[in-house]
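Here's the structure we're looking at; comments come further down.
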Amino acid sequence: MKKLLVLALLSLFGQAVAHDTATPTTSGAGTKVLVYSDTAFYRHPDIPGINRWLVLLGHENGFEVDVTEHPKDLMPQVLAKYDVLLLNNANELDKVIPEEQRKSVEAWFASGKKGVVGLHAALVRQTGWPWLNQLGGCDFNSDSDFSKAKVIVDPAAKDHPAVGDQPAEFWIEADWTNHDRVVTGLPGFKVLMRVDETSYTPVRDYFKTRGGKAMGADHPIAWTHEPATGGRFFYTEFGHDLRSLSTPFVHRHILEGIKWAAAAAKAGK
Numbered sequence: 174m175k176k177l178l179v180l181a182l183l184s185l186f187g188q189a190v191a192h193d194t195a196t197p198t199t200s201g202a203g204t205k206v207l208v209y210s211d212t213a214f215y216r217h218p219d220i221p222g223i224n225r226w227l228v229l230l231g232h233e234n235g236f237e238v239d240v241t242e243h244p245k246d247l248m249p250q251v252l253a254k255y256d257v258l259l260l261n262n263a264n265e266l267d268k269v270i271p272e273e274q275r276k277s278v279e280a281w282f283a284s285g286k287k288g289v290v291g292l293h294a295a296l297v298r299q300t301g302w303p304w305l306n307q308l309g310g311c312d313f314n315s316d317s318d319f320s321k322a323k324v325i326v327d328p329a330a331k332d333h334p335a336v337g338d339q340p341a342e343f344w345i346e347a348d349w350t351n352h353d354r355v356v357t358g359l360p361g362f363k364v365l366m367r368v369d370e371t372s373y374t375p376v377r378d379y380f381k382t383r384g385g386k387a388m389g390a391d392h393p394i395a396w397t398h399e400p401a402t403g404g405r406f407f408y409t410e411f412g413h414d415l416r417s418l419s420t421p422f423v424h425r426h427i428l429e430g431i432k433w434a435a436a437a438a439k440a441g442k
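To convert, take the position in the sequence shown, counting from 1, and add 173; that gives this note's numbering.
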């Protein structure tokens, strides 16, 4: 009960501040996003701040954002109201979301008109939920320190709205995740960007003695997945904390990722 009260106050506070600081637009009119941010593994300290950031993002762009950490909000009658489920660093979800609610999410997405967005740790320790592991395409191996690195936009994705208007190569700071599998070439997957591992140290000291492995020349950091059964999935390594979110590019990148995922119904997916 205390957790729900805190989340409710957070959402209300975020909305109140948003109304004081921005005029809403209509770019996402009618879209409803449910942010889920509970964790069973490492809990990123910036999760509450990112929840608030997402509420503000919605207000500024004309779509509704609700925040929850209660699995009952993933029941069919609740999920039916939303176009997008956004996983804010929510990890090892089979430990915090009962099977009934996990099946509810799967059925909701299987309607073919819904989207799932994952930020940063949303693909950490998800092998206990095979559906989500397959939707994301990989899991966590290790990560870097917060580092400036060179990012390369995949030429085939240069027209995707989540990377549109970016140069083919650019430098930006973030925490870079090493995944246990490369999603390049998997059916239905489209890589948007890669990070150049020669431009930073890909495995931080903590993981060097714990089996951490760099991914090498092919290190995707943002991608989409459109399963043959329908629906849209968008993942980005950005979103570990507010430092990268505050940059103009990442702000637009996540906004366009949400809008793309929400457009599943219009795309007939």
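Just so it is clear, CB atoms sit at the ideal spot from N, CA and C, and this is done for glycine as well.
(1) Under a three-way DSSP split, which group does A195 fall into?
(2) Counting C-beta neighbours from all protein chains within 10 Å, is the total for T199 16 or more, i.e. buried, or is it exposed?
(3) Using the C-alpha atoms, what's the distance from L428 back to P221?
(4) When the Cα atoms are used, what is the spatial distance from T397 to V257?
(5) Between V356 and G310, which are expected to be in contact by the criterion C-beta below 8 Å, what is the C-beta distance as a whole number of angstroms?
(6) Does the separation of the CB atoms of G385 and S320 fall below 8 Å?
(7) Look up P213 in the DSSP assignment and say whether it is helix, strand or coil.
(8) Cβ atoms of V368 and A436: under 8 Å apart, would you say?
(9) Taking Cβ to Cβ, would you say L120 is nearer than 8 Å to T241?
(10) For K205, tell me which candidate among V289, D267 and D338 has the shortest Cα-Cα distance.
(11) Taking A280 as the reference, which of G403, A434, L230 and L259 has the closest Cα?
(12) For T371, does the count of other Cβ atoms within 10 angstroms reach 16, so buried, or fall short, so exposed?
(13) Output the boundary residues of the alpha helix (DSSP H) element that contains A440.
In short:
(1) The count along the sequence shown starts at 1 and reaches residue 195 at position 22. Note that A195 scores a pLDDT of 35, beneath 50, so its modelled location is shaky; the value from the coordinates is reported in the next line. Here A195 carries a coil assignment [DSSP, helix/strand/coil].
(2) Walking along the sequence shown from the start, residue 199 turns up at place 26. Any reading at T199 is ruled out, since the residue's pLDDT is 42, under 50, leaving its predicted position unreliable.
(3) As a first step, residue 221 must be located in the sequence shown, where it is residue number 48. As a first step, residue 428 must be located in the sequence shown, where it is residue number 255. Distance between the alpha carbons of P221 and L428 is about 18 Å.
(4) The residue given as residue 397 occupies position 224 in the sequence shown. The residue given as residue 257 occupies position 84 in the sequence shown. In a straight line, the C-alpha of T397 is about 14 Å away from that of V257.
(5) The residue labelled residue 356 in the question sits at position 183 within the sequence shown. The residue labelled residue 310 in the question sits at position 137 within the sequence shown. Contact flag correct, Cβ pair sits at about 4 Å.
(6) Here residue 385 refers to the residue found at position 212 of the sequence shown. Here residue 320 refers to the residue found at position 147 of the sequence shown. It is not a contact, given that the beta carbons lie outside the stated cut-off.
(7) Residue numbering aside, residue 213 sits at position 40 when the sequence shown is read from its first letter. This sequence places Ala at residue 213; Pro is not what is there. A213 falls in the coil class under three-state DSSP.
(8) Taking the sequence shown and counting its residues from 1, one reaches residue 436 at position 263. Taking the sequence shown and counting its residues from 1, one reaches residue 368 at position 195. Taking 8 Å as the Cβ cut-off, A436 and V368 do not qualify as a contacting pair.
(9) Because the chain is modelled from 174 through 442, residue 120 falls outside the range shown and cannot be assessed.
(10) Residue mapping note: residue 205 aligns to position 32 of the sequence shown, counting from 1. Distances from the CA of K205 to each of V289, D267 and D338 were compared; the closest alpha carbon is that of V289.
(11) Counting from 1 along the sequence shown, the entry for residue 280 is found at position 107. For the options G403, A434, L230 and L259, the alpha carbon positioned closest to that of A280 is the one of G403.
(12) On the sequence shown, position 198 is the one that residue 371 refers to. Around the CB of T371, fewer than 16 other CB atoms lie within 10 Å, so the residue is classed as exposed.
(13) The residue labelled residue 440 in the question sits at position 267 within the sequence shown. Per DSSP, A440 belongs to the alpha helix (DSSP H) from A437 to A440.
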